[in-house]
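Heads up, the sequence shown is in my numbering, so the first residue is 21 and it goes up one at a time.
Backbone N, C-alpha and C define an ideal beta-carbon position, used for all residues, glycine too.
All values reported here derive from a predicted model rather than from experimental measurement.
Please read the structure below before turning to the comments.
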Amino acid sequence: MSESKVRIETTDFADGFFLVDGEKPAATFVRPRAKVFMDSRQSSPLTQMFVAVDPDEPCRQWQTMASLAAPVDPDKWHCARDGEGAAGDRKADIYRIVAASGAGFVGWVDRERKFPLQIKTADGAVIALDNIRDEPQPAQWFEIPPGLRKFDPQALIDRIRQSDVWVAPPEQE
Numbered sequence: 021m022s023e024s025k026v027r028i029e030t031t032d033f034a035d036g037f038f039l040v041d042g043e044k045p046a047a048t049f050v051r052p053r054a055k056v057f058m059d060s061r062q063s064s065p066l067t068q069m070f071v072a073v074d075p076d077e078p079c080r081q082w083q084t085m086a087s088l089a090a091p092v093d094p095d096k097w098h099c100a101r102d103g104e105g106a107a108g109d110r111k112a113d114i115y116r117i118v119a120a121s122g123a124g125f126v127g128w129v130d131r132e133r134k135f136p137l138q139i140k141t142a143d144g145a146v147i148a149l150d151n152i153r154d155e156p157q158p159a160q161w162f163e164i165p166p167g168l169r170k171f172d173p174q175a176l177i178d179r180i181r182q183s184d185v186w187v188a189p190p191e192q193e
């Protein structure tokens with residue numbers, strides 16, 4: 021993590037990494053070997069959970085990042101402090117988030133690091149950060165490497181529609 025920027029590397033996406041910028045806000049999936057990057061939107065819920073937060077008001081940042089993936093109905097999206105606990109050996113404030121779909125997560129926020137150290141998803145999976153080192157990180161780790169092009173899934177769909185493999189849906193009467 022660097023200021024409001026986060027880099028997420030996971031074995032689920034071994035060919036790339038996510039860059040999350042809570043200040044812009046933006047979430048990007050970067051595939052250096054393929055020389056492409058793309059908006060992550062719904063690629064991974066991790067980009068909505070593991071973001072730098074204001075320890076006094078983390079709900080605002082979580083809601084902002086959720087809205088990047090899909091529209092958020094503020095009347096059906098809830099976030100509230102749910103006490104204190106521990107994540108590993110660190111004291112943390114616990115927050116419970118419920119999305120409009122009914123899914124959500126519980127986050128353990130380290131006030132000093134201004135970051136969730138642990139997340140428990142609606143299906144009970146626990147994702148915990150480990151091997152945390154509080155030391156300066158190279159700025160380039162939090163930037164899209166030079167020479168990559170942006171992949172636009174909509175442009176690909178448009179090209180396929182213009183090809184001879186596209187079958188248009190039947191018109192409604």
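Take the alpha-carbon of residue 164 and the one of residue 112: they are about 31 Å apart. In the three-state reduction of the DSSP assignment, residue 157 falls in the coil class. Nearest C-alpha to residue 168 among 50, 159, 125 and 34: 50. DSSP places residue 48 inside the beta strand (DSSP E), whose first and last residues are 46-51. Of all alpha-carbon atoms in 160, 36 and 31, the one lying nearest the alpha-carbon of residue 56 is that of 36. In the three-state DSSP reduction, residue 89 falls in the helix class (H, G or I).
The beta carbon of residue 53 lies closer than 7 Å to those of 35 in the same chain, with the five residues before and after it left out. Judged by beta-carbon spacing, residue 70 lies beyond the 9 Å limit of residue 129, meaning their Cβ atoms are not closer than that value. Each residue's CA atom was taken as its position, placing residue 150 and residue 74 some 21 Å apart. Going by DSSP, residue 138 is part of the beta strand (DSSP E) stretching over 135-141. If you compare the alpha carbons of 86, 45 and 80 with that of residue 124, the shortest gap goes to 86. In the displayed model, residue 82 falls within a helix according to three-state DSSP. Between residue 146 and residue 157, the CB-CB gap reaches or exceeds 9 Å. Per DSSP, reduced to three states, the secondary structure at residue 117 is strand. Here the C-alpha atom of residue 171 lies approximately 15 Å from the C-alpha atom of residue 180. DSSP places residue 39 outside any alpha helix (DSSP H); the residue lies instead in the beta strand (DSSP E), whose first and last residues are 37-41. Residue 154 counts as exposed, since fewer than 16 other beta carbons sit within 10 angstroms of its beta carbon. Looking from the CA of residue 136, the closest CA among 120, 148 and 177 belongs to 148.
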